[in-house]
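*Asks:*
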């Protein structure tokens, strides 16, 4: 996990707080993501907490779909521990797998510690090859002529607060600090949303392994100014699915 993302996590050992979060997740039938890395790839399965047995300090976890039963079994069979993410509470934890039931349910331990994400901050994903995140928008240049240009770019990084992308030196003249960029079409793995944003940073960058540049470019960073709560959640969930966590905490 990137250090910048590690700093967003706060460890919580309070037994009452842990029990409260887990019980509320079960009672409200909230979606939970179970996940592990298998052969270098992060695999996630949607599950829910079916039964909580406090006396045995265990949770019975059930897949949210028929297809998920097989996936959940494969995750559990590959290691002794399994990671969980509770999107609504922004909580991560790791549990020991106690048993795989014949119907596909899992019995896992109630964690003694959870990691909570600072709600004021957001995980940031550095977009790599194979991750589909693109944006498209029109932008007026600066100067007397104010020529309009259509930009179609891949994101360099993205979070639920903002994103960045790389432009060439000639394209750089279209951007200045505090510029407002409206009607940005953001496409994330097939999901499309329209957002507005302000330019908050312009940084000249050198060719490197993580940007695929063959010449100097400029990284333009945007902060969202108009985005729906639903789209924020879509980005948050997407970023989490691709973050390179070795462990849940």
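In this note's numbering, the protein residues as written are 22 to 270. Backbone N, C-alpha and C fix where the C-beta goes; we use that ideal spot for every residue, glycine too.
Is residue 75 helix, strand or coil by DSSP?
*Replies:* The residue given as residue 75 occupies position 54 in the chain shown. If DSSP states are grouped into helix, strand and coil, residue 75 belongs with coil.
*Asks:* Along the alpha helix (DSSP H) that carries residue 34, what are the first and last residues, could you check?
*Replies:* Working through the chain shown from its first residue, we reach residue 34 at position 13. Premise fails: residue 34 is in no alpha helix (DSSP H) and is neither H nor E.
*Asks:* Per DSSP, what are the beta-bridge partners of residue 84 in this structure?
*Replies:* Here residue 84 corresponds to residue number 63 of the chain shown, with the count starting at 1. Beta-bridge pairing links residue 84 to 68.
*Asks:* Closer than 8 Å by C-beta to residue 211: which residues in its own chain qualify, once you throw out the five before and the five after it? Chain order, please.
*Replies:* Translated into the one-based positions of the chain shown, residue 211 becomes position 190. Excluding residues within five positions, the ones whose Cβ falls inside 8 Å are 153.
*Asks:* Looking only at its own chain, which residues have a Cβ that is under 6 Å from the Cβ of residue 234, when we skip the five neighbours before and after it?
*Replies:* Along the chain shown, read from residue 1 onward, the residue named residue 234 stands at position 213. Once the five neighbours on either side are set aside, the close Cβ partners of residue 234 are 228.
*Asks:* Taking DSSP as the reference, what is the three-state secondary structure of residue 22?
*Replies:* As a position in the chain shown, residue 22 is number 1, starting the count at 1. Residue placement at residue 22 is poorly supported in this model, since its pLDDT is 39, which falls under 50; the coordinates are not used for a value here.
*Asks:* What three-state label does DSSP hand residue 183 in the structure shown?
*Replies:* Within the chain shown, residue 183 is the residue found at index 162, counting from 1. In the structure shown, residue 183 sits in a strand (DSSP, three-state: E or B).
*Asks:* Measure how close the beta-carbons of residue 79 and residue 130 come, nearest whole angstrom, since I'm counting them as under 8 Å.
*Replies:* Mapped onto the chain shown, residue 79 falls at position 58. Mapped onto the chain shown, residue 130 falls at position 109. Cβ atoms of residue 79 and residue 130 come within 8 Å of each other, at about 6 Å.
*Asks:* So, helix, strand or coil for residue 44, using DSSP?
*Replies:* In the chain shown, residue 44 corresponds to position 23, counting from 1. Here residue 44 carries a helix assignment [DSSP, helix/strand/coil].
*Asks:* Can you list, in chain order, the residues of its chain whose CB lies under 8 Å from that of residue 155, leaving out five sequence neighbours each side?
*Replies:* In the chain shown, residue 155 corresponds to position 134, counting from 1. Answer for residue 155: 173, 174, 175, 176, 207 and 208, listed in chain order.
*Asks:* Ignoring anything shorter than 4 residues, give me the alpha helix (DSSP H) runs that lie fully in the stretch 160–208, in order along the chain.
*Replies:* 190–193
*Asks:* Am I right that residue 226 and residue 240 are in contact with their C-beta atoms under 8 Å? What's the rounded C-beta distance?
*Replies:* As a first step, residue 226 must be located in the chain shown, where it is residue number 205. As a first step, residue 240 must be located in the chain shown, where it is residue number 219. Contact flag correct, Cβ pair sits at about 5 Å.
*Asks:* Using three-state DSSP, classify residue 128 as helix, strand or coil.
*Replies:* What you label residue 128 is simply residue 107 of the chain shown in a count that begins at 1. In the three-state reduction of the DSSP assignment, residue 128 falls in the strand class.
*Asks:* According to DSSP, residue 214 sits in a beta bridge with which residue or residues?
*Replies:* Along the chain shown, read from residue 1 onward, the residue named residue 214 stands at position 193. Beta-bridge pairing links residue 214 to 207.
*Asks:* In the DSSP assignment, the beta strand (DSSP E) including residue 262 goes from what residue to what residue?
*Replies:* What you label residue 262 is simply residue 241 of the chain shown in a count that begins at 1. Run containing residue 262: none in the beta strand (DSSP E); it sits in the alpha helix (DSSP H), 250–263.
*Asks:* Let me know the secondary structure DSSP gives residue 151 once reduced to three states.
*Replies:* Taking the chain shown and counting its residues from 1, the one referred to as residue 151 is at position 130. Coil at residue 151, not helix or strand.
*Asks:* Excluding sequence positions up to five away, which residues of its chain have a Cβ less than 8 Å from the Cβ of residue 244?
*Replies:* As a working mapping, residue 244 is identified with position 223 in the chain shown. Excluding the 5 residues flanking it on each side, residue 244 has same chain C-beta neighbours closer than 8 Å at 182, 183, 218, 219 and 221, in chain order.
*Asks:* Take residue 193 and list the residues in its own chain whose beta-carbon comes closer than 6 Å to its own, dropping the five residues that flank it on each side.
*Replies:* For the purposes of this step, residue 193 is taken as residue 172 along the chain shown, with counting starting at 1. 239.
*Asks:* Does the beta-carbon of residue 86 have 16 or more other beta-carbons within 10 angstroms, so that it is buried, or is it exposed?
*Replies:* Counted from its first residue, the chain shown places residue 86 at position 65. So residue 86 ends up on the exposed side.
*Asks:* Go ahead and pull the three-state DSSP assignment for residue 223.
*Replies:* Looking up residue 223 in the chain shown gives position 202. Strand.
*Asks:* For residue 251, tell me which candidate among 109, 64, 115 and 50 has the shortest Cα-Cα distance.
*Replies:* Taking the first residue of the chain shown as position 1, residue 251 is located at position 230. Cα-wise, what sits closest to residue 251 is 109.
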